[in-house]
Amino acid sequence: MNYSTLSLLIKRQFKEHYKTYATDLLVLLILLIFMFLVVHQWKDSFSGAVQNGVFVIGLFIAGGVFSNTMFGEFSSPQSGMWLLSIPAKASEKVVSSIIISTVFFLIIYVITFYIADFFYLLFAGTLNFEAILNPFENGFYQFFFIYLIFNGLMLLGSIIFNKNSLIKMLLTIAVLFILLNYLNGFILSFLIPEATIVSSIAFDSFLFSHYGENVKVFLSDNINFYSALFVRIIFPIALWVLVWLKLKEKEI
Amino acid sequence: MKTSTVFIVFLSITIAGVLLATNVSLKKEYEKIDLDDVFKNYVSVDSEPYSVLSISGSNGYPIEIVQKDTNAIKVLRSRLEHFKSVVKNDTLFIEFTGSNISMQQSFLTTTPSGIVIHKNNLSGIIATNTHQRVNGFKTEHFTLNLKGYSHVELQNCNAQTLSILMENESYLQFLEHNIADSISLKMTHTSVADLNDISFKKVHPVLGDSVALVLSKDVFKNLLNN
Amino acid sequence: MITIESLDYNYSKKINIFKNINLQFSSGKIYGLLGKNGVGKSTLIKNITGMLFPTKGSCEVFGLTPGKREVEFLQDLFFVPEEYYLPNLTIKELITIYKDFYPNFDVNQFDAYTKEFNISKDKKATELSLGQKKKILIGFALSANTKVLIMDEPTNGLDIPSKITFRNMIKDAFNDDRIVFITSHQVRDLDELIDAIIIMHDGQILLNSDKDAIAKRLHFELSDNKKDDLTILYQEKVSNGFASIQKNTSDTLGYVDIELLFNAVLAHKLKL
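Chains as they are written, first to last, in my numbering: chain X, 19 to 270; chain C, 208 to 433; chain S, 32 to 303.
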């Protein structure tokens, strides 16, 4: 990995798209403020967690769209060939895209969110230091790890699909998610046929009903550590490795 | 076969394998559960001795405080990550974080208790922004200090002297049958106290301008006689 | 040196573009790859540039496999596709960002081209006409000073003066370390420019020879009347008479009429 090439690639990405990014940023700010106002009307449905709800929705909408543009050059053969011809390793191209769509994006997103949050709290008349969302509180930070998986999938989509990659990848993610849940439910009901399983979260827990009372079963701390390690670290890295392989194998 | 295809196959097998392994582990945890145990959804937490409870955090899950011979703290397993406790100078400080909900929602009985505290004796509760259901306490002196958006419901409690200090938008409600010989009631800001279900001999109210008292006819008469 | 051995390329199991192609290109030459539209020229070029991977066989560019798209390979090969792309930057920005990717990039050389084209460096790619964009891209390609320069139909979209400028640019920037590879279906555009001719048809190489070798063996002639001579290998009517090819019996090297040669090869009248 050549760091000067990496910085050149990052510079290239920003120079070529800074106008689009500036417009997108403005759209994001307006979208977040709009979401705050809409969600404020139904704040009780969010168990009071208006900020958390808006943060997550905004993160995935903006992050999904942005990550999908990282290899947007593949939407046309001409720009795709230009990208593939840039003298840099596929790994450097992938890493620069990951840095932009995770590190840079998250920094900008969090700043934009807090600007919107400030206006919302001002509007709601609840502006004080404690009212400001702390994303590292109450395990909320887990969404950042889920975002990494989402980022990997969206980058993959922008390489695999040439046209309408955003829609195609979102559909693919929905299908994969449904399949994973079905598979998880199937394995659980096969392993524990006597339990009336109400719901389940793959790699985490399940809820079963016992004489009308819902009982939640969690992984033991030890297993949960390894499961979290797989889901939060190994899986996103595996997806990024797949992005790298797909870029290396990309033909136009 | 392309390397990426081999990798996808390998990754899919790994995902299925991890899924199977975690579900086998979940089965083991399931088998450990005593289905007849009323606290099967709870995890016991150890604590040093204390006589005052100071709870802060959110009102998303009610906190049940019951007088019992056995001392125990049980936390809803799904909320364990949100629970922190420490004992300092005879006071158990509990931080039970989460989202805040409206008062109407917080009184829903379908929400399971986030924490269940069994204690043989308790001299007081300091609540900041949390929702407590205090049940069956029979004691000589009992102090209640409510701050923020705290809600406290008292049920079948009996105290000789009951000192209540309410601030901000706190809410106190007596339910079923509560008895106190003497009540010291200090309320400030927009706090609300519902005194419908408490019998008392004496009351010493110190009330701020915007507080609200909810009284039955009998309690009102009793209050006037004081 | 570019070496192509037993190269097969299939778009799918049923669609075979070419089979068993064997070619060698050496430094110091300008190669012209001629063929009608859709015969597989672009596919062959994409195999050489690493945009497509061979189904069978191998392709090596100075010992490197194009499909691996290694940095050393990409730094030493510039590909100007028929339908090209330029990032939405000003020409100045384009150079600032991309020059560092090419270790031999000569900024002065590029500046000279922009002056010759009379295009302001403050203009953005979107503000340029198609022809201007192509000139900038070709100027960039030449200034990158890569060992291999491949251009697919470079004269498409250029007006007549620009085609002349293009030919001069290629000639001026050419040196003995370089391989220039140009495809075209407009064979006259490559006249005087190329050193070697490759004629491709239906996924097969029908001719692969140096222009000098062709001139040594063949004599091209234009006459007013049709010739019935048995020595005539190929003959066709042109606007100002009849153009014919016959064996060169003298020691002198004459002019090679590429268009006539192309037609003769496609008509299967010539085998060299």
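Heads up, the beta-carbon is just placed ideally off N, CA and C, and yes, glycines get one too.
{"Check": "Can you pull the chain X residues whose beta carbon is under 9 Å from the beta carbon of Ser137 (chain S), in chain order?", "Outcome": "The sequence shown places Asp at residue 137 (chain S), rather than the Ser named in the question. Those within 9 Å of Asp137 (chain S) in chain X number zero; the least Cβ separation is about 16 Å."}
{"Check": "Put Thr317 (chain C) into one of helix, strand or coil per three-state DSSP.", "Outcome": "coil"}
{"Check": "Leaving out five residues before and five after Phe212 (chain S) in sequence, what residues of the same chain have Cβ atoms less than 6 Å from its Cβ?", "Outcome": "Tyr62 and Ile181"}
{"Check": "Roughly how far, in whole angstroms, is the beta-carbon of Thr196 (chain S) from the beta-carbon of Glu147 (chain S), given that I think they are within contact range, below 8 Å?", "Outcome": "7 Å"}
{"Check": "Please report how far the alpha carbon of Ala192 (chain X) lies from the alpha carbon of Gln312 (chain C), in whole angstroms.", "Outcome": "32 Å"}
{"Check": "Kindly provide the ranges of any alpha helix (DSSP H) runs that are 4 or more residues long and lie completely inside the region 82-159 of chain X, ordered along the chain.", "Outcome": "95-103, 108-116 and 123-142"}
{"Check": "Decide yes or no for the touch test of the region 226-236 of chain S against the region 78-98 of chain S: beta carbon pairs closer than 8 Å, at least 3 of them.", "Outcome": "no"}
{"Check": "Leu238 (chain S): which of S:Asp259, S:Leu83, S:Ser254 and S:Phe293 sits nearest, CA to CA?", "Outcome": "S:Phe293"}
{"Check": "Is it true that the CB of Ile236 (chain S) sits closer than 9 Å to the CB of Ile52 (chain S)?", "Outcome": "yes"}
{"Check": "Classify Phe246 (chain C) as helix, strand or coil using the three-state DSSP reduction.", "Outcome": "coil"}
{"Check": "Can you give me the Cβ contacts of Ala213 (chain X) inside the same chain, cut-off strictly under 7 Å, excluding the 5 residues immediately before and after it?", "Outcome": "Phe226"}
{"Check": "Distance check for Pro269 (chain C) and Leu44 (chain X), CA to CA, integer angstroms please.", "Outcome": "41 Å"}
{"Check": "Would Arg100 (chain S) pass as a contact of Lys266 (chain X) if the rule is Cβ separation under 9 Å?", "Outcome": "yes"}
{"Check": "Check for me: the beta strand (DSSP E) holding Val70 (chain S) runs from which residue to which?", "Outcome": "First-last for Val70 (chain S): undefined, no H or E at that position."}
{"Check": "For Arg209 (chain S), does the count of other Cβ atoms within 10 angstroms reach 16, so buried, or fall short, so exposed?", "Outcome": "buried"}
{"Check": "Nearest to Met19 (chain X) by alpha carbon, out of X:Phe163, X:Ser114 and X:Met88?", "Outcome": "X:Ser114"}
{"Check": "Can the beta-carbon of Gly264 (chain C) be found less than 9 Å from the beta-carbon of Glu302 (chain C)?", "Outcome": "yes"}
{"Check": "Less than 9 Å between the C-beta atoms of Asn65 (chain S) and Val218 (chain S), yes or no?", "Outcome": "Strictly speaking, residue 65 (chain S) in this sequence is Leu, with Asn absent from that position. The answer is yes: Cβ separation under 9 Å."}
{"Check": "Please report the straight-line C-alpha distance between Val57 (chain X) and Leu47 (chain X), rounded to a whole angstrom.", "Outcome": "15 Å"}
{"Check": "At which residue ranges does the region 281-343 of chain C contain complete beta strand (DSSP E) runs of 3 or more residues, listed in the order of the chain?", "Outcome": "290-295, 298-303, 322-326, 331-335 and 338-342"}
{"Check": "What are the boundary residues of the beta strand (DSSP E) that includes Pro412 (chain C)?", "Outcome": "Ile405 to Leu414"}
{"Check": "Residues of chain X with CB under 9 Å from Tyr133 (chain S), in chain order?", "Outcome": "Pro105"}
{"Check": "In whole angstroms, what is the alpha-carbon distance linking Gly157 (chain X) and Thr177 (chain S)?", "Outcome": "53 Å"}
{"Check": "Does the region 89-109 of chain X come close enough to the region 74-81 of chain X to have 3 or more Cβ pairs within less than 8 Å?", "Outcome": "no"}
{"Check": "Taking a Cβ distance cut-off of 9 Å, strictly less, list which residues of the region 218-230 of chain C are near chain X, in chain order.", "Outcome": "Leu218, Thr221, Ile222, Ala223, Val225, Leu226, Leu227, Ala228, Thr229 and Asn230"}
{"Check": "Roughly how many angstroms separate the alpha carbons of Trp262 (chain X) and Phe179 (chain X), rounded to a whole number?", "Outcome": "15 Å"}
{"Check": "Quick one: does Val102 (chain S) have its CB under 9 Å from some CB of chain X?", "Outcome": "yes"}
{"Check": "Below 9 Å between beta carbons: does that hold for Asn266 (chain C) and Asn327 (chain C)?", "Outcome": "no"}
{"Check": "Answer yes or no: does any C-beta atom of chain S fall closer than 9 Å to that of Met99 (chain X)?", "Outcome": "yes"}
{"Check": "Could you say which of C:Val293, C:Leu369, C:Ile272 and C:Thr298 lies nearest to Val323 (chain C) if we only look at CA atoms?", "Outcome": "C:Ile272"}
{"Check": "Using DSSP's beta-bridge definition, name the partner residues of Leu151 (chain C).", "Outcome": "In the structure as shown, chain C begins at 208 and stops at 433. Residue 151 (chain C) is therefore absent and cannot be evaluated."}
{"Check": "Tell me the DSSP bridge mates of Ser270 (chain S)?", "Outcome": "The partner list for Ser270 (chain S) (beta bridge, DSSP) is empty, contrary to what the question assumes."}
{"Check": "On the three-state DSSP scale, how would you describe Thr418 (chain C)?", "Outcome": "Per the sequence presented here, residue 418 (chain C) reads as Val, with Thr not at that position. DSSP places Val418 (chain C) in coil when its eight states are reduced to three."}
{"Check": "Does the beta-carbon distance from Ala400 (chain C) to Leu420 (chain C) come in below 9 Å?", "Outcome": "yes"}
{"Check": "Taking 9 Å as the threshold (C-beta atoms), are Met88 (chain X) and Ser119 (chain X) in contact?", "Outcome": "yes"}
{"Check": "Measuring straight from C-alpha to C-alpha, what distance separates Leu108 (chain S) and Ser183 (chain X)?", "Outcome": "30 Å"}
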